[in-house]
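The sequence shown begins at 2 in my numbering and counts up by one.
Idealized CB from N, CA, C, for every residue including glycine.
Here's the structure, in structure tokens; my notes come after.
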Amino acid sequence: MKCPHCNQDLFIQIATKTNCKNCRILPNMTSIVTVQCDKCKHVFQIPIQSKSILGVKEDK
């Protein structure tokens, strides 16, 4: 992705382990990440949907 202000290439990688008991994560979870470009200091928000970042594996 690129900064919308200065067109600098950006790389964002999010990794987490989610533990659930007596519930489950639905596949339509959405989060908002606030990002600041190191080059121009522009601040903007990016919606991240779970389909692209979250793999849900059910225990059997």
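*Is P48 helix, strand or coil by DSSP?*
Stepping through the sequence shown from its first residue, residue 48 is reached at position 47. Note: P48 maps to strand in three-state DSSP.
*Just curious, the beta strand (DSSP E) that T31 is in, first and last residue?*
Start at 1 with the first residue of the sequence shown, and residue 31 comes out as number 30. That run of the beta strand (DSSP E) goes T31 to Q37.
*So, helix, strand or coil for K42, using DSSP?*
Locating residue 42 in the sequence shown gives position 41, counting from the first residue. Looking at K42 - three-state DSSP - the assignment turns out to be coil, as it is neither helix nor strand.
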